[in-house]
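Numbering (the working numbering), first residue to last: 44 to 143.
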């Protein structure tokens, strides 16, 4: 049994596939290359959560040391939007709280 795809609007079988630009996933390496040096982050650096913890990862790598599992977990959680416990108090703080 063969199946012929048809347009749900007009019924035409003359269809073509379009690749969506939003479905393109960049590799972590590509993201980091585009983000620049973690020691001198630009204004938009942390708009991409994959850059969170990148400086720490780079420093451990530069020293030839393995990143401790607890630190890896904290970085991954932060990248997924979970604030590390010691920083949760700052989450609701006003950016100008020190000056109020």
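Here a beta-carbon is modelled for each residue, glycine too, at the ideal position from N, C-alpha and C.
With DSSP run on the structure shown, which of helix, strand or coil describes residue i?
| i | result |
| --- | --- |
| residue 49 | coil |
| residue 73 | helix |
| residue 63 | coil |
| residue 55 | coil |
When the Cα of residue i is compared with those of the options, which residue comes out closest?
| i | options | result |
| --- | --- | --- |
| residue 74 | 82, 60 and 94 | 94 |
| residue 112 | 123, 100, 106 and 59 | 100 |
| residue 117 | 103, 87, 96 and 88 | 96 |
Let me confirm a value: residue i is counted as buried when at least 16 other C-beta atoms fall within 10 Å, else exposed. Which label applies?
| i | result |
| --- | --- |
| residue 82 | exposed |
Is the distance from the Cβ of residue i to the Cβ of residue j below 7 angstroms?
| i | j | result |
| --- | --- | --- |
| residue 56 | residue 44 | no |
| residue 92 | residue 122 | yes |
| residue 89 | residue 78 | no |
Item to check | Length at least 4, wholly inside the segment 88-134: the alpha helix (DSSP H) runs in chain order | outcome: 97-105, 112-122 and 131-134
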